[in-house]
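What follows is one structure encoded as structure tokens, with my remarks underneath.
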Amino acid sequence: MKESKLFQIVLIFIILLISCKSEKPSKKVGDIIVAKNIDYAYLLSNRRAPFVKVRSDINKIFANSENLEKQYLDSIYKIYESNRRKHEQVCRDFIREFPNSNTSAKTLNTFKTTWEKDTILDLFKLLPKESKETNLGKSIARFIKISRNPQIGEKYVDFEQENITGKMIKLSDVKAKYILVEFWASWCGPCRQANTTLLNNYKKYRDKGFEILGVSLDENKEMWLNAVKVDKLIWENVSDLKGSENEARLIYKVNGIPDNILINEKGIIIGRKLRGNSLEKKLEELFGEKASL
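All residue numbers for the sequence shown refer to my numbering, where the first residue is 28 and numbers rise by one.
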């Protein structure tokens, strides 16, 4: 009975997804350009609405997924990913159709760490000079300039930010066999939860050559410092207090947090997005048999 019900849930979302076709949505009366002062924000919101609704409904299922079997979770996740891709395509199409609108600049800035850099550059070229000279435009241009997004197997990219005492620290200043660059923030619930496991792993492997460099995406220094204290983070922590515009975040194209990068002593990236058990298994693999506190 339960399996039948779950299967019905999956079918419902498949039907919902099919209704969200990847083609450009057919224009409604509200899409017709009848004046210069179009409410572009409303227009885009209207086009995005079906995809946002599907995403919201799937997130509710994920939030209560303890009793769902893996096969159903996998099916729902595939629907989620397909919906995400189509949603983003709608946004890209909107920018191409209305490059002169401020809404297009805002949308491009929102997705700059999500989409491929070449896509960002191509869409940025469509924006008028006036948009490029705004703070939004400058933010996108800065991302295009400094983003590197090195992949596993490639050399890390250095950066420098202040630690909790105000001292400038470079990634290259951290010396160890393996270095985990951990992107987090005081306001990020999953990050704060992950800090407990991270602390355990750090205590377990630091004497074997494991180090962590925390990079906070906070803007409020007091909140950042308090989180470091409360979570008892005993490794080096840095931030430029620029929030989502954190330079290291843009360099490594960090889309969401928590996120991390694992680097070996030769400076080569050997892991990305290692969370929970995956991080622990990777450390066990690197350092041999399980270590004890």
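Every residue gets a Cβ at the ideal spot worked out from N, C-alpha and C, and that includes glycine.
These numbers come from a predicted model, not from an experiment.
Closest to Trp211 by CA distance: which of Asp84, Ser199 and Asp245 is it? Considering only alpha carbons, the answer is Asp245.
Closest by C-alpha distance to Glu144, when choosing among Tyr99, Asn264, Val281 and Lys105: It is Lys, not Glu, that sits at residue 144 in the sequence shown. The residue with the shortest Cα to Cα distance from Lys144 is Val281.
Who are Ile297's beta bridge partners in DSSP? DSSP lists no partner for Ile297.
Would you call Gly241 buried or exposed, if buried means 16 or more other Cβ atoms sit within 10 Å of its Cβ? Classification of Gly241: buried, given that the 10 Å Cβ count is 16 or more.
When we look at the beta-carbon of Glu157 and count the other beta-carbons within 10 Å, is it buried (16 or more) or exposed? Exposed, since its Cβ has fewer than 16 Cβ neighbours within 10 Å.
Rounded to whole angstroms, how far is the Cβ of Tyr99 from the Cβ of Ile85, which I believe are closer than 8 Å? Their Cβ separation, rounded to whole angstroms, is 12 Å, which puts Tyr99 and Ile85 out of contact at 8 Å.
Classify Val14: buried if its beta carbon has 16 or more other beta carbons within 10 angstroms, exposed otherwise. This structure does not reach residue 14, given that the chain is present from 28 up to 320, and the question cannot be answered.
Give the single residue among Lys259, Leu289, Ser243 and Ile88 whose Cα lies nearest to the Cα of Leu268. Nearest of Lys259, Leu289, Ser243 and Ile88 to Leu268, Cα basis: Ser243.
Starting from Gly241, trace the beta strand (DSSP E) both ways and give me its first and last residue. According to the DSSP assignment, Gly241 belongs to the beta strand (DSSP E) that extends over Phe237 to Ser243.
What do you get for Pro77, buried or exposed, if any count of 16 or more other CB atoms within 10 angstroms of its CB means buried? Under the 10 Å beta carbon count, Pro77 is surrounded by 16 or more other beta carbons and is classified as buried.
Residue range of the alpha helix (DSSP H) that includes Lys152: Taken as a continuous stretch (DSSP letters only), the alpha helix (DSSP H) holding Lys152 covers Lys144 to Leu153.
Let me know if Ile261 comes out buried or exposed under the rule of 16 or more other beta-carbons within 10 Å of its beta-carbon. Taking all protein chains in view, the Cβ of Ile261 is surrounded by fewer than 16 other Cβ atoms within 10 Å, so the residue is classified as exposed.
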